[in-house]
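Okay, so here's the structure we're looking at.
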């Protein structure tokens, strides 16, 4: 499997304080992803892998087909956006992972998703 040719991923995450899953030992976060296709060909997102780590070092792995129930096709010079969520046991944690994609020639490649922070506002000084 080759590297990611011209696919850029950006992420923003925020705590959702009024989410019903929040509790004394659960913290809900939403993350918004933008996948930009800066290559010369259409690509399809086939699957995702996430490593979610809470502030105690507990790791949770999540993998599966597509994102939010879809396996989107992303044309050259366009982007795909979606929002999803994560629930962790501490007010601070992180996520990182990758997408598996396929180009028009049927070649599969991985697109890394750099580590990003999940944190309740003011939880980190």
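Numbering (the UniProt record's numbering), first residue to last: 1 to 125. All C-beta atoms, glycine included, are put in the ideal place defined by N, C-alpha and C.
In chain order, 28 place their CB closer than 7 Å to the CB of residue 22, counting only its own chain and leaving out the 5 sequence neighbours on each side. Rounded to whole angstroms, the Cβ separation of residue 45 and residue 67 is 6 Å, and the two are in contact under 8 Å. About 6 Å separates the beta carbons of residue 117 and residue 94, which is inside the 8 Å limit, making them a contact pair. The alpha-carbon separation between residue 105 and residue 43 amounts to approximately 10 Å. Out of 11, 41, 36, the CA that lies nearest to the CA of residue 103 is found in 41. Scanning its chain for C-beta atoms nearer than 6 Å, with the 5 sequence neighbours on each side dropped, one finds around residue 55 the residues 90, 92, 93, in chain order.
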